[in-house]
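Under this note's numbering, the first residue of the sequence shown carries the number 706, and numbering increases by one thereafter. Quick reminder that beta carbons are idealized off the backbone N, C-alpha and C, glycines included. The block underneath contains the structure these notes are about, expressed in structure tokens.
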Amino acid sequence: MKNQRIDIASIRRAEIVEAAVAVIAEKGLQNLSLSQIEKKAGMSRGQLTYYFPTKEVILLAVFDRLLLLMYQRIGTPEGRPCDQAGWWDWVQHLLQKTVVQPPVSPEFSCLQYTFLSQIGHREDFRQRLATLYENWRSNMSLGLSADMAARPPDRPVSPRAMATLVQAILHGLAMQRAADPEAFNGQEMLELCLDVLGMFLWSQPRGRGKRKLPAKPSISAPNGSRNGRNGRTAIRPRGRRR
């Protein structure tokens, strides 16, 4: 049996990207340079530019690599397969990862904000972010369709619009926390977001009768402010008190 051919080019590109990620993690994105990448990867400038002609091309590859790492670190609700977790499970899971726990991938957040600052004159950076956000919106929209169909028909909202709102909440909170880790109380913000989203999705509009409480699964949040079984807090969307 013949040995499989080793793809040296793919190996070298991966080594360069990993070196760039390591530089960002150790020294910050502002100190990322071809010289630093060369030193970390143990390559010459000629080897580096053979696979990646510019630092910007490396940044695009790093963006994809950090995005993959972020997905791996976020995981899935309660470790279940993606197709076995409902939309509300995902909302709770992502909010908990964003506002309660430490940043999943601070290096990715740094790179994301750098891309945002450059989209006015870097079409490749803009397109990378546009594709990322569109994938998130589309996937959330699919999961939201059933929940949105159960809403009262007098205030129609498309699943895509709701997915965009959730995305804006996650992105905005992550940005605030990146600028100031003490910007808000994580547990308080988690419960507030779930209350607001839950009331809109499964409640009657104000003045249209008694609000319905959602029959949705709860999630236990670590370090909760309320005492529950085993010191954990069950988070459920609640109707507004009258």
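Quick one: measure Cβ to Cβ for Ile742 and Ile711, integer angstroms, because I've assumed they're closer than 8 Å. Between Ile711 and Ile742 the Cβ distance is about 23 Å, and since that is not below 8 Å, they are no contact.
Please report how far the alpha carbon of Leu902 lies from the alpha carbon of Arg770, in whole angstroms. 32 Å
Could you tell me which of Lys760, Arg778 and Leu897 sits nearest to Leu739, measuring between CA atoms? Lys760
Through-space distance from Ser749 to Tyr756, alpha-carbon basis: 12 Å
DSSP three-state call for Ser850: helix, strand or coil? helix
Does Leu765 pass the burial test, meaning 16 or more other C-beta atoms within 10 Å, or should it be called exposed? buried
What residues in its chain sit with their C-beta under 7 Å from that of Gly891, if we drop five residues either side in the sequence? Val804 and Val805
Kindly list the residues whose CB is nearer than 7 Å to the CB of Ala724, restricted to its own chain and excluding five residues on each side of it in sequence; keep chain order. Ile742, Lys745 and Ala746
Closer than 8 Å by C-beta to Leu773: which residues in its own chain qualify, once you throw out the five before and the five after it? Chain order, please. none
With distance defined between alpha-carbon atoms, name the residue in Ile716, Ser715 and Ser863 nearest to Phe905. Ser863
If you draw a straight line from the C-alpha of Ala883 to the C-alpha of Gln801, how long is it? 16 Å
Around the Cβ of Val726, are there at least 16 other Cβ atoms within 10 angstroms (buried) or fewer (exposed)? buried
Cβ-based burial, Ser715 [other Cβ within 10 Å; buried from 16]: exposed
Identify the continuous alpha helix (DSSP H) that holds Cys815 and give its terminal residues. Pro811 to Gln823
Spatial neighbours of Met853 within its chain, please: CB distance less than 6 Å, with the 5 preceding and 5 following residues excluded, ordered by chain position. Pro864
Looking at the structure shown, is Gly780 part of a helix, part of a strand, or coil, going by DSSP? coil
For Ala866, tell me which candidate among Gln817, Asp900 and Met845 has the shortest Cα-Cα distance. Met845
Who are the near neighbours of Asp794 in its chain, counting only those whose CB is closer than 6 Å to its CB and skipping five residues on each side? Pro782
Cβ separation of Arg833 and Phe813, assumed to be a contact under 8 Å, to the nearest whole Å: Not a contact, Cβ separation roughly 12 Å.
Under a three-way DSSP split, which group does Asn840 fall into? helix
Taking 8 Å as the cut-off, decide whether the C-beta atoms of Val871 and Val796 are in contact. yes
If you measure between the beta carbons of Val809 and Arg842, is that distance less than 8 Å? no
Here's the rule I'm using: 16 or more other beta-carbon atoms within 10 Å means buried, otherwise exposed. How should Ile874 be labelled? buried
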